[in-house]
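Just below is one structure, and these are the notes that go with it.
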Amino acid sequence: MQAEFVNDRVPTLVLVSTSAALEARWHDWLNPWWGGPLSRCDSIDKVVPTLQQKEHSILLLDVSDLKHAELTLAHLRQAFPGLPCVLLLHEQPCADSLQAMLGNPLNDYLPLDSSHTDTVRRVIRHCQLQLHSPDHRVTATTELAGYDPELWRALHREEFELFYQPRIDLRRGEICGAEALIRWRHPERGILPPDSFIPSCEASGLIVPLGYWIIQSAGQALPALQAAGLAGRIGINLSFRQFQDSFLATTIERLLDEQQMASQTLEFELTETALFNDEEHVRSAIDQLSRRGIEFSLDDFGTGYSSFSLLQKLPINTLKIDKSFVAGIPGNQDDEEIVRAIINLAHSLNKQVIAEGVETNAQLEFLIRHGCDQVQGFFFSRPVPLQQFLGLLNHRQHQHSL
Ligand code: C2E
Ligand code: CA
Ligand code: CA
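Following the working numbering from start to finish, the sequence shown increments by one per residue and tops out at 405.
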């Protein structure tokens, strides 16, 4: 992600710390949120040439003594007036001295031990604000990463929302999970479908932070979903572009830990494109997550190129038959054969199979007749907002108890 930002007006986050471990942590935290460059100096003396070189910098100062940090900053700001700084605090400082430091709007702080995504996002917002300040007169967010500024703002204003579409287990006739599908509640244009903004997010890389938001958002919904009786997993779409973030698996693991999400509640939906882009790297990310108990499904199956051997090698639990084939059953002989073949292939590889885009009773009957495991489609429900989906679950639970 970082290599894209060659524009020298993009600020550099300059970490001043003697701790290599801290640098690793920062990469891990910041990578999803910060598209710009990150540089490290192990002493305050060495930071001066870096600041001279990088015109727009934001200092991340590893602070052991607040008083000392204040003096250092005052000193640095003689040479670099307007230098924004985020104080990285190892322990809770005395409130008065912290207040005094925060009286200066150029300063922000981050308590390292309790850091989670919200605090990191707050700091990034601070950095964004600094970029808009007179000293950093750049059209920041647009140039920052080539992100569409409207989409970037939408992410920060929490205008995105996950809708949920049930998956139905055909043997038990019950909801056995759901797919989370993103929508943009645009303040003027209403609810916008993912096809209208996901491609742009993929092209600019914004899909990386957006993807983490999606996982977090599903994590926040999980307790309510489980309380309403949802058994099975939530399917989350992972774009091929998200695998280009080398911290993908580690960041997902951290998000799971932070939100206390059980891995057995998640499934990531991949496309064949994701698998073939960078086989080795993708495979190791998938393996890492799979070892934690996360499952994977292969989306839009039949539309791309899947090699038989890759299907066997990767821990893919489920194939999702693309809805373009389901649209042709029953009646279209080619589609009927493809659907039958995919069901047989899945079962012979010991995988589950889901048919997507089921809209009619005739399609459903065909799929039941040929042993499909699960279905998903408008015949049962469109993707709906969380509250409505909870209603659907409660209704089903109620019916079962009658
Ligand atoms: P997808 O992953 O193949 O999702 C299934 C799409 O089929 C959804 O469209 C869903 O609303 C639609 N669908 C479900 N049942 C039926 C049906 O019976 N008939 C018809 N005609 N369509 C049905 P949606 O929500 O517009 O999403 C479109 C695509 O956008 C998704 O295709 C996925 O590739 C992408 N997308 C959606 N949410 C996310 C997300 O959170 N992250 C990422 N990376 N991509 C997402
Ligand atoms: Ca999907
Ligand atoms: Ca699909």
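All C-beta atoms, glycine included, are put in the ideal place defined by N, C-alpha and C.
| Asked | Found |
| --- | --- |
| Less than 8 angstroms separating the Cβ of D302 from some heavy atom of ligand 3? | yes |
| Which residues does DSSP pair with Q355 in a beta bridge? | T321 |
| May I ask you to report which of helix, strand or coil DSSP gives V51? | helix |
| Alpha carbon to alpha carbon, how far is T276 from S203? Give it in angstroms, no decimals. | 17 angstroms |
| Taking the CB atoms as reference points, tell me whether F200 and L184 lie closer together than 9 angstroms. | no |
| For P14, which option in K49, Q55, L25 has the closest C-alpha, if you only look at C-alpha atoms? | Q55 |
| When you compare the region 314–330 with the region 381–394, are there three or more beta-carbon pairs, one atom per stretch, that lie closer than 8 angstroms? | no |
| When the Cα of F304 is compared with those of L69, S42, V356, E256, which residue comes out closest? | V356 |
| Which residues does DSSP pair with E270 in a beta bridge? | G238, E298 |
| Quick one: is the Cβ of K354 within less than 8 angstroms of any heavy atom of ligand 3? | no |
| Verify the contact flag: G193, CB atom, against every heavy atom of ligand 1, threshold strictly below 8 angstroms. | no |
| Looking at N240 and ligand 2, is the gap between the Cβ and the nearest heavy atom below 8 angstroms? | yes |
| Using 10 angstroms around the beta-carbon of H135, count the other beta-carbons present and answer buried if the total reaches 16, otherwise exposed. | With a pLDDT of only 49 at H135, under 50, the local geometry of the prediction cannot be trusted, and the value read off the model is given with reservation. With fewer than 16 Cβ atoms within 10 Å of its Cβ, H135 is classed as exposed. |
| What first and last residue would you give for the beta strand (DSSP E) that runs through Y167? | 163–172 |
| Within 10 Å of its beta-carbon, does Q229 have 16 or more other beta-carbons around it, so buried, or fewer, so exposed? | exposed |
| Measuring CA to CA, which of A234, S242, L225, L233 is closest to S214? | As written in the sequence, residue 214 is Gly, which differs from the Ser given in the question. Closest by alpha carbon: S242. |
| Provide the residue span of the beta strand (DSSP E) that contains L64, from first to last. | 60–66 |
| Name the residue from L314, L395, I61, A344 whose alpha carbon lies nearest to the alpha carbon of G85. | I61 |
| DSSP state of D198, grouped into three classes? | helix |
| When the Cα of V17 is compared with those of G176, Q245, L91, which residue comes out closest? | L91 |
| Relative to the C-alpha of E359, which candidate in E340, P169, N320, I47 has its C-alpha closest? | P169 |
| Going by C-alpha to C-alpha distance, which of E272, P212, T274, V361 sits closest to F250? | P212 |
| With a threshold of 8 angstroms, establish whether the CB of D198 neighbours any heavy atom of ligand 1. | yes |
| Compare the C-alpha of G222 against each of E205, G193, I255 and name the closest. | I255 |
| Within 10 angstroms of the Cβ of Q366, are there 16 or more other Cβ atoms? Answer buried if so, exposed if not. | buried |
| Candidates L322, E368, F246: which alpha carbon is nearest E339's? | E368 |
| At 4 residues or longer, what runs of the alpha helix (DSSP H) sit wholly inside the region 331–398? | 336–351, 364–372 |
| How about K316: is its Cβ closer than 8 angstroms to a heavy atom in ligand 2? | no |
| Could you give the distance in angstroms between the alpha-carbon of P137 and the alpha-carbon of R186? | Residue placement at P137 is poorly supported in this model, since its pLDDT is 45, which falls under 50; the coordinates still yield a value, given next. Approximately 35 angstroms, taken between the alpha carbons. |
| Determine the DSSP secondary structure at G193, reduced to helix, strand or coil. | strand |
| For ligand 1, is there a heavy atom less than 8 angstroms away from the beta-carbon of A183? | yes |
| Between I201 and ligand 1, is the CB less than 8 angstroms from at least one heavy atom? | yes |
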